[in-house]
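Report on the following structure.
Protein chains: 4
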Amino acid sequence: MTTRNTIQKKLYQIIFEHDTWEGRAFDVLLIVLILASVAAVMADSMVDISLRYGRYLFVLEWMFTILFTIEYLLRLYSSPNPAYYARSFYGLIDLMAILPTYASLMFPESRFLIVIRILRVIRIFRILKLMEYVEELEVLRNAFQSSWRRILVFLTTVLTIVLIVGSLMYLIEGPEAGYTSIPRSVYWAIVTVTTVGYGDITPLTPPGQTLAAFLMILGYGLIAVPSGIVTIELGKEKSRRLRLNRVCPNCDHYGHDRDARFCKYCGAEL
Amino acid sequence: MTTRNTIQKKLYQIIFEHDTWEGRAFDVLLIVLILASVAAVMADSMVDISLRYGRYLFVLEWMFTILFTIEYLLRLYSSPNPAYYARSFYGLIDLMAILPTYASLMFPESRFLIVIRILRVIRIFRILKLMEYVEELEVLRNAFQSSWRRILVFLTTVLTIVLIVGSLMYLIEGPEAGYTSIPRSVYWAIVTVTTVGYGDITPLTPPGQTLAAFLMILGYGLIAVPSGIVTIELGKEKSRRLRLNRVCPNCDHYGHDRDARFCKYCGAEL
Amino acid sequence: MTTRNTIQKKLYQIIFEHDTWEGRAFDVLLIVLILASVAAVMADSMVDISLRYGRYLFVLEWMFTILFTIEYLLRLYSSPNPAYYARSFYGLIDLMAILPTYASLMFPESRFLIVIRILRVIRIFRILKLMEYVEELEVLRNAFQSSWRRILVFLTTVLTIVLIVGSLMYLIEGPEAGYTSIPRSVYWAIVTVTTVGYGDITPLTPPGQTLAAFLMILGYGLIAVPSGIVTIELGKEKSRRLRLNRVCPNCDHYGHDRDARFCKYCGAEL
Amino acid sequence: MTTRNTIQKKLYQIIFEHDTWEGRAFDVLLIVLILASVAAVMADSMVDISLRYGRYLFVLEWMFTILFTIEYLLRLYSSPNPAYYARSFYGLIDLMAILPTYASLMFPESRFLIVIRILRVIRIFRILKLMEYVEELEVLRNAFQSSWRRILVFLTTVLTIVLIVGSLMYLIEGPEAGYTSIPRSVYWAIVTVTTVGYGDITPLTPPGQTLAAFLMILGYGLIAVPSGIVTIELGKEKSRRLRLNRVCPNCDHYGHDRDARFCKYCGAEL
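Residue numbers (this note's numbering), protein chains in the order written: chain A, 1 to 270; chain B, 1 to 270; chain C, 1 to 270; chain D, 1 to 270.
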């Protein structure tokens with residue numbers, strides 16, 4: 001870090017940090033450009049607009065991409081540890097946000113993938129000093145993290161049910177009703193158990209409708225399971241945070257219940 | 001307020017207050033007129049009824065609007081602070097409830113907007129002295145208020161997913177299956193992730209159906225998040241209300257039930 | 001009750017009570033007859049079966065109805081207080097369960113209403129001594145009862161939203177997309193906000209789809225509110241039951257918290 | 001068990017146990033074969049693939065089935081108590097997983113039922129020493145077990161509503177709208193109350209749409225009940241597990257965290 005020149009340091013301050021007014025101005029500009037480029041691609045996908053303004057949108061898209069490419073290179077240049085940045089979560093997103101336009105030289109359709117630029121807007125949380133939001137996101141993530149085993153078990157159960165019911169429907173209803181193969185029947189079963197219910201494939205015979213009714217009621221009831229899991233975890237997360245405030249004066253351990261009178265680690269009075 | 005004459009004071013009592021029998025009679029009459037005018041507009045939107053009774057409904061609508069206009073002017077006249085009333089929540093609703101009919105002189109269709117008159121019925125809570133209802137509404141509002149950051153983070157996450165999956169589906173399925181543009185594909189993704197599932201646009205190819213199945217399961221699981229958030233907040237709100245108010249004068253313990261007469265910890269009288 | 005003869009008393013024991021073996025045998029027979037008669041009517045509604053076996057089902061239906069009529073008359077005859085029985089919940093259901101067949105002499109279609117006989121099966125809970133089930137039903141009912149105000153406020157809010165969004169869609173989409181009147185648009189809005197999503201009416205224009213997307217996300221998020229309300233109430237109901245066990249030795253009041261050391265009503269030590 | 005020869009003992013170790021490397025290798029091989037055979041049947045159900053590779057898939061299927069049959073016989077042979085194994089949960093699944101292919105000699109379609117082989121993969125939890133997953137599954141199962149009475153009462157209520165509303169719709173809408181019989185109308189009511197909403201049958205008349213709207217709002221609200229039940233049970237299950245095991249030897253207080261070394265109430269060592 002000592003070998004970095006002044007330009008690198010100044011650039012780092014502007015591009016990576018949010019304390020100076022230049023840093024903040026850069027971040028806001030970046031967000032505006034990202035949103036504008038996503039809006040441009042979305043507009044370009046609409047036939048009416050594409051026919052009339054396609055040429056301008058094409059130019060615009062390349063302008064945005066070249067700007068983001070320069071920004072990416074400057075980030076690499078100014079970072080104290082370019083390799084670390086390039087492999088970090090944000091670094092990968094920054095790279096993925098420019099690739100689709102270059103790829104479109106070979107696969108024209110791929111340019112629509114630049115909507116993943118929207119992921120860069122996650123930075124908006126940091127810029128606007130919305131630390132509370134980041135904290136909230138962390139609460140949700142923690143709740144998910146400490147319950148992912150249970151959720152995985154739940155999902156495995158649902159997928160097993162869906163595979164078996166889908167196969168049964170393939171036998172009961174058959175191709176006339178749209179159940180042309182087991183994978184397609186499993187797709188129908190997922191549409192049904194999640195209560196989405198497109199209605200593109202529907203049972204026509206009484207036995208099929210009976211089995212479908214069972215699956216619907218199952219899906220209607222099973223939705224309670226993730227709700228229960230997440231509610232419990234959010235509750236625990238909440239109380240964990242409340243407990244963080246109580247610290248033992250003897251051993252500095254935190255995390256004591258509100259009704260605790262003695263430290264549970266060293267036995268000292270709180 | 002001192003310069004107001006007797007008529008103003010009397011009018012204020014009738015129109016704004018609910019203590020005298022005239023005040024209550026006025027309020028009940030108002031509710032009946034509002035419901036009748038909304039019913040009339042709804043009826044007028046049905047072709048059969050409009051063809052046969054359209055003339056009468058037209059007259060009726062203007063009668064209602066003129067009555068409400070007079071009422072609005074009287075409110076302005078009798079209010080101790082007309083400017084404050086005009087800018088208040090109820091004042092703005094009262095104004096918006098009469099504008100559509102006048103606007104219909106230029107834009108005939110706009111008259112159907114008078115259904116927003118229904119918002120005036122919120123007053124029904126006050127009239128019928130249903131203060132418990134208002135309190136319950138406040139509990140729900142508080143629960144939302146103290147969790148809106150978390151809900152916003154959740155919504156941002158969902159919208160990001162929906163934008164990316166929608167764009168992928170536009171590439172995978174294309175216009176033949178109804179995914180004619182990215183905005184339309186995003187509309188489909190919202191229909192799917194919320195488990196509404198109209199079925200007006202549905203994936204036809206196996207890769208599209210696979211991606212759709214992922215989105216459905218995601219939506220099915222994610223519904224747990226707002227449920228968890230609201231449940232936790234309602235629980236906190238509930239216990240906060242029940243507990244905080246009562247403190248034991250002897251041992252300083254709080255958390256006594258509303259019907260408690262003695263401290264449950266030390267037995268002292270509350 | 002003293003003036004009742006022996007037959008009345010014996011009949012009362014068999015028909016109304018469940019302690020003797022005759023009483024239990026009668027109840028089981030009744031359940032079988034009710035289920036059979038409902039099944040017969042459901043079968044009769046299917047064209048294939050009706051054409052082939054309609055004659056037999058017709059005879060069967062009248063047989064069932066005559067049996068249930070005799071049973072109803074015996075209940076009136078043997079009851080110590082016939083007027084009270086006739087006006088009670090079960091008495092009214094027993095009457096309503098036989099009327100549709102007689103009404104079918106004038107309105108043939110009305111005979112299908114005898115499916116309400118199924119409500120008589122609620123008795124099954126009592127017969128099979130499934131008191132735990134009745135208790136569970138009571139827990140659910142109590143939870144609903146103590147939160148119905150909050151649920152009503154929630155429903156009023158949802159219906160107001162649905163009325164306003166429905167009217168807006170009527171203006172935005174119009175009859176071409178199926179929004180032929182405001183009531184029909186409100187029906188669509190209910191289909192959407194509850195995440196049912198039939199797809200019989202769907203928005204076709206971008207503005208309409210945008211508004212629909214908002215309504216879907218709203219409905220997806222709002223479902224958290226009744227979940228939260230019911231969860232909290234069920235939790236309270238649960239702890240209320242646990243508290244029932246602690247009784248004050250001094251004043252006989254029950255309902256003390258688990259951590260209470262003194263009676264909150266009289267201050268005596270527990 | 002003493003009369004078993006060395007081969008039986010060795011086989012038992014490999015097939016039933018997971019401690020030796022042969023045992024683990026056998027289990028992993030088994031999982032791979034099961035997944036491959038399920039994938040083969042799913043592929044065979046797709047017309048394109050079946051026409052081209054049907055012959056190979058046919059051979060493959062018989063190979064898998066013969067292998068699984070040999071494995072089943074070896075399990076019977078090596079088990080210390082064959083009759084007990086044959087009647088156990090896993091024993092029955094192992095048998096059911098080979099029957100469909102043999103049955104397909106008489107009923108060709110039945111071979112698709114071999115997807116139930118997927119149930120054998122439940123063993124994956126045991127193999128990979130994923131005991132935590134099994135524990136989580138147990139938590140979910142316990143939560144369901146201690147609330148199944150309540151859930152049954154809930155389901156009975158929903159089914160009663162569905163039967164009555166379905167019959168009413170049959171009378172209101174009739175065959176023109178697709179309500180061709182009461183069972184079919186009940187199927188529609190289940191599709192609606194669970195918020196699946198295929199849209200294959202939809203009400204066309206205003207009275208029918210009004211009743212349907214009521215049913216939708218009911219289903220939208222009722223989903224809160226299983227959510228509430230499961231959340232409460234999961235919460236109880238959780239705290240029961242965490243709390244009950246640890247009791248302070250000094251003051252007899254229970255409810256200590258798993259990482260607590262001293263009583264939080266009296267400071268004594270646990």
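Where a beta carbon is used, it is the ideal one built from N, C-alpha and C, also for glycine.
Residue-chain proximity (B/G178, chain D), Cβ-Cβ < 7 Å: no
Coil, strand or helix - A/F68 by DSSP: helix
From A/V162, A/L11, A/M63, residue whose alpha carbon lies closest to that of A/A40: A/M63
Spatial distance of D/P100 from A/M169 (CA atoms): 16 Å
Limits of the unbroken alpha helix (DSSP H) element including C/V165: 148-172
Assigned secondary structure, B/E269 (DSSP; H/G/I helix, E/B strand, else coil): strand
Where D/M1 sits in the DSSP three-state scheme: In this predicted model, D/M1 has a pLDDT of only 46, less than 50, meaning its place in the structure is not dependable; the value taken from the coordinates is given anyway. Coil.
Close Cβ partners of C/I14 (< 6 Å) along its chain, the five nearest in sequence each way excluded: E22, G23, F26
Below-7 Å beta-carbon distance, B/G273 vs any chain D residue: In the structure as shown, chain B begins at 1 and stops at 270. Residue 273 of chain B is therefore absent and cannot be evaluated.
Three-state secondary structure (DSSP) of A/F107: coil
Close Cβ partners of C/R150 (< 7 Å) along its chain, the five nearest in sequence each way excluded: I229
8 Å contact criterion, which C/P207 and C/I172 should meet: CB distance rounded: 5 Å
Opposing strand residues paired with C/F16 [DSSP bridges]: DSSP lists no partner for C/F16.
Proximity below 7 Å, CB of D/T160 to CB of A/T231: no
Opposing strand residues paired with D/F262 [DSSP bridges]: D/E269
Min CB distance A/G199 to chain C below 7 Å: yes
Cut-off 7 Å between Cβ atoms - residues of its own chain near D/S167, not counting five sequence neighbours on either side: I182, S185
Cβ-Cβ separation, C/G199 to B/D200 (assumed contact under 8 Å), whole Å: 6 Å
Chain G contact for D/S146 (CB, 7 Å cutoff): In the structure shown, chain G does not exist; the protein chains are A, B, C and D.
Neighbour list for B/L313 in chain C, Cβ cutoff strictly below 7 Å: Only positions 1 to 270 of chain B appear in the structure, and residue 313 of chain B is not among them; the question remains open.
As assigned by DSSP and simplified to three states, the class of C/N142: helix
Identity of the residue in B/P108, B/L73, B/H18, B/V28 nearest B/F58 by Cα: B/P108
Rounded separation between C/L215 and C/L30 - CA only: 48 Å
Residue-chain proximity (C/M1, chain D), Cβ-Cβ < 7 Å: Below a pLDDT of 50, predicted positions are generally treated as unreliable, and C/M1, at 46, falls in that range; no measurement from the model is reported.
As assigned by DSSP and simplified to three states, the class of B/T202: coil
Within 7 Å of chain D by C-beta, residues of the stretch 161-175 of chain A in sequence order: L163, I164, S167, Y170, L171
Reference D/W60; option with closest CA among D/I34, D/D48, D/L73, D/A177: Reading the sequence as shown, one finds Leu at residue 60 of chain D and not Trp. Out of D/I34, D/D48, D/L73, D/A177, D/I34 has the C-alpha closest to the C-alpha of D/L60.
Cβ-Cβ distance between D/A213 and D/P203 below 7 Å: no
Straight-line Cα distance separating D/V193 from A/L119: 37 Å
C/F154: contacting residues in chain B (beta-carbon distance under 8 Å): L140
Closer than 7 Å to chain A by CB, B/I151: no
Buried/exposed call for B/D19, threshold 16 Cβ in 10 Å: exposed
C/T65 versus C/I98 - alpha carbon distance: 6 Å
Enclosing alpha helix (DSSP H) for B/E22 [first to last residue]: 21-44
Backbone secondary structure at A/T101 - three-state DSSP: helix
Chain B residues whose Cβ lies nearer than 8 Å to that of A/I190: A213, M216, I217
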